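Residue numbers (UniProt numbering), protein chains in the order written: chain B, 1 to 446; chain P, 1 to 310.
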Amino acid sequence: MAGDVRFAPGSLTRRAALGALGVGSLALAGRSVQAQAAKPSELKVGIATYLSGPASVFGVPGRQAAEMLFDEINAEGGIAGVKVRPIFVDEGPGVDHFVGEYRRLVQSENVNIIFSAISSADCLACTPLADELKRPTLLWDCGTQRIFEDARYQYAVRTQGNATPEVLAALLYVLRAKPDFRSIAVVNQDYAWGRDSWAIWKTAMDTLKPGVRVAAEFFPRFGATDFSTEVTRLLALRPDVILTTSWGGDLDAFIRQSAERRLFERSTFVMPLAESSLERVGKTLPAGVIVGGRGDHWFGHPSPKDPALLARFTENYRKRFSTWPIYPTHHMAQAVFAMKAGYEKAIKAKGGGWPTDAELAAAFQGLEFPSLTGTIKIREDGQGLEDQLIGTTVHTDKYPFPVLTDMVVFKAADITTPVGQKSLDWLKTLSPDMPGKMPAPVPYRG
Amino acid sequence: MPGWIADNALLIGLAVLDGLSYAAAVFMVAVGLNLIFGVLRVLNIAHGSLYAIGGYSAAALGLFVVSRGLPGWLVFPTLLAASVLVGLVLGPPIERLLRRTEKEEPVLQLLVTFALFMILEDLQKLLFGVQPVVFDAPLKMLGTVDIPFGQDVIPFTAYQLFVLPGIALVTLAGLAWFLRRTLYGRMIVAVTTDREAARAMGIDAAKVTLLTFTAGAALAALGGALASPTASLVPGVGAQTIVLSFAVVATAGLGQIEGAAVTSLLIGLGRSFAVYFEPELEVVVPYLIMVAVLLVRPQGLFGVPETRRI
């Protein structure tokens, strides 16, 4: 036994010690895997949302929806008997801070799953992290189409659509509603979403209706409060269509300033995100404006799959928060429903056992789950297929804000970039007869 | 060039109207910051919060007036009342806190004002929530004015054309008169120019500082109050404002009221012309103007070079 380290009589040799260490490590590793696979006492869900800054107009409704739905799940006994607990983190301080928060959620809080995020930059930053840290992550609201077009991820999927179908649906609607428009101006916020959404619109428009003159391209700074100069210029230019994918306070201010100066009388407005502003701006927003809500999210959806579910959610949300649900609340609901469906699928696949992180992540691929208005399917590339609802505003006596009429629900599969293709390339291949094939508009029925 | 001007004369006219209105809004915020810097030598980041809280308070007071069915014209005095209230309530305690850091490194003072900004931002969310707030009754009450544009007309709001520039002019003239023609005003100028010499001559510098800071805070709040009828007030609106105000103060020359007015005008017109003729430059124009001025006059347009004791 030369070379063996002798301990006190009866103790181990070095080889035995190393062997024991190896077996111990394996046992520890095994226990670690077992611990992940063991049914936890509670299911911790890390949720990234904006709790500060301008985007908190979306982030706070998202948090409220999560709180309400988690309470409902817990009241029904949790997921497979495990209560759920949200841990919210604020996206407000920026991407670098968020990356630290994401790591903290995984490594310190040891959350079981993460919902991330509103900001596309945060989603782009966290998807590689999801794979690195092997923690299932649901992208619940961010819009950039690039995430699953540029890379594949094992642990991250998106439970909603992306910018391409959201913008393309609005364009198709305009091409049908106002086929003879010859000029357009754009007023988008000066950051990634504003620029990317215009690139998507412009590429698709040049394919489906070549020759439309771009009268003006305005990109006021994000968070701008004064659009009077842009409004004056637009009044003088008189474009047939004015597109704005702005949101939040920027959009509210633009709507009010445009309405006050009668710009709505001169041009047809297209606002793919204005569903989230309707209650706030009220009837300042006139009839005849084309409006979307980043999906088929609208409490007056013309044909929800489960009308009782939509009505119950809307009513409960209104009772609890004294306001109407807007699209981020729907997106949050989709993430919650996807989480529940994912766990149920993974548990079933394991014959009733609690899934590991890898098993849970695998369950999300190809998952179909209910949304408040229909069904979402997660494709093999991780991208969710979400229908898009576009309508035109109309004033009624029933609500103190405009509602939607002439609603068109676009099927997700028809307007989402196919797997393996890049949006800007795919948009160039669209068929000019595409607008003619869109579903018939459904009028408002009260 | 003359040909281009002739071709675009109508557009240039519109751009000037827009630029004047924007300049007035910028001036109302920057002038308070400039005053405060002149006396305290502190770049007060919390000035942005005072702007935001002024806007929110004006909107809240205005909504109260409307909800109570009080006479419509009362919404205009509420803009002023809210500003004075914010100045009086928040100005003195902030000034007191900043005075305690008077002898500290400038960077520490800056950090203190940043901390205050964060606290006030949270306070604002606590009081007013995170959803955009708008109070546009003053705007609607005054209606629009149609400006001829060839065969066409361009509607402008009377608020934008007359109220904003009017109040900015009255503020500029009033401040210039106050600083040059009144005892307190001259005391402020004295403290701004040389604090030690002013003290040696018996001026109560602490009192002057308190007065100036409170007035500066009220002016920031007035800027927010005047913006509230057109802008949507959201979390973060203060941060957006303070960056532009810093550009104005740096370009004007620290502590220079007329400088702030001229710079605001340059920035307002520059931005407006950019929107009309080169929209991609809109966001950077204020900073291009700042860089251009500081390259030629590092002390700012109206600033005086300072001798530094070694």
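We put the CB at the ideal spot given by N, CA and C, even for glycine.
Treat the numbers as computed from the prediction; the structure is a model and nothing was measured.
Asked: Best match in P:G48, P:V153, P:I12 for proximity to G91 of chain P [C-alpha to C-alpha]; Found: P:G48
Asked: Residues that DSSP places opposite D90 of chain B in a beta bridge; Found: B:T49
Asked: Limits of the beta strand (DSSP E) - the one that T393 of chain B falls within; Found: 388-394
Asked: Against chain B: residues of the segment 11-44 of chain P by CB proximity under 8 Å; Found: L11, L14, A15, L17, D18, G19, S21, Y22, A25
Asked: Rounded straight-line distance, which links the Cα of E109 of chain B to that of G24 of chain B; Found: Bear in mind that the predicted position of G24 of chain B carries a pLDDT of just 44, short of 50, making it unreliable; the figure below should be weighed with that in mind. The alpha-carbon atoms of G24 of chain B and E109 of chain B are separated by roughly 26 Å.
Asked: Residue-chain proximity (S267 of chain B, chain P), Cβ-Cβ < 7 Å; Found: no
Asked: Three-state secondary structure (DSSP) of R41 of chain P; Found: coil
Asked: 6 Å Cβ shell around V234 of chain P - same chain, five flanking residues per side excluded; Found: P132
Asked: At least 3 beta-carbon pairs within less than 8 Å: the segment 241-248 of chain B vs the segment 306-313 of chain B; Found: no
Asked: Nearest-angstrom beta carbon gap, A220 of chain P and L50 of chain P [assumed within contact, 8 Å]; Found: 4 Å
Asked: Within-7 Å CB hit, V60 of chain B to chain P; Found: yes
Asked: At least 3 beta-carbon pairs within less than 8 Å: the segment 218-238 of chain B vs the segment 186-202 of chain B; Found: yes
Asked: Neighbourhood of L179 of chain P by C-beta distance below 8 Å, restricted to the same chain and skipping five residues each side; Found: G185, R186, I188, V189, I257
Asked: Meets three-Cβ-pair contact criterion under 8 Å: the segment 63-72 of chain B and the segment 247-265 of chain B; Found: no
Asked: Per-residue DSSP class, three states only, for R280 of chain B; Found: helix
Asked: Which of helix, strand or coil DSSP assigns to L273 of chain B; Found: coil
Asked: Proximity below 7 Å, CB of T192 of chain P to CB of G259 of chain P; Found: no
Asked: One or two residues paired with P155 of chain P in a DSSP bridge; Found: P:D146
Asked: Own chain residues within Cβ distance below 6 Å of N162 of chain B, not counting five before or after; Found: G143, Q145
Asked: Stretch pair the segment 197-209 of chain P + the segment 221-237 of chain B: three plus CB contacts closer than 8 Å; Found: no
Asked: Pair within 7 Å by beta-carbon distance, W140 of chain B and H330 of chain B; Found: no
Asked: Straight-line Cα distance separating L389 of chain B from V409 of chain B; Found: 4 Å
Asked: Status (buried if at least 16 other CB within 10 Å, exposed otherwise) for A35 of chain B; Found: Interpretation of A35 of chain B is limited by its pLDDT of 45, a score under 50 that renders its predicted location unreliable; no figure is taken from the coordinates.
Asked: Residue-level contact to chain B via CB, V291 of chain P, 7 Å cutoff; Found: no
Asked: Residue from B:V84, B:P61, B:G293 whose Cα sits closest to the Cα of E72 of chain B; Found: B:V84
Asked: The segment 372-381 of chain B / the segment 162-172 of chain B touching (three or more Cβ pairs under 8 Å); Found: no
Asked: In DSSP terms, what M407 of chain B is bridged to; Found: B:V442
Asked: Classification of R445 of chain B by the beta-carbon crowding that lies within 10 angstroms, buried from 16 upward; Found: exposed
Asked: Which residues DSSP lists as bridging K422 of chain B, in chain order; Found: For K422 of chain B, which the question treats as bridged, DSSP gives no partner whatsoever.
Asked: Supposed close pair A358 of chain B, K134 of chain B - CB separation, criterion 8 Å; Found: 7 Å
Asked: Cross-chain neighbours of Q257 of chain B in chain P, by beta carbon under 7 Å; Found: T230
Asked: For G166 of chain P, three-class secondary structure by DSSP; Found: helix
Asked: Nearest residue (CA-CA) to L88 of chain P, options P:K103, P:D152, P:G216; Found: P:G216
Asked: Opposing strand residues paired with T137 of chain B [DSSP bridges]; Found: B:I114, B:A156
Asked: Cβ pair count under 8 Å reaching 3, the segment 416-427 of chain B against the segment 196-203 of chain B; Found: yes
Asked: Local conformation of K83 of chain B per DSSP, three classes; Found: strand
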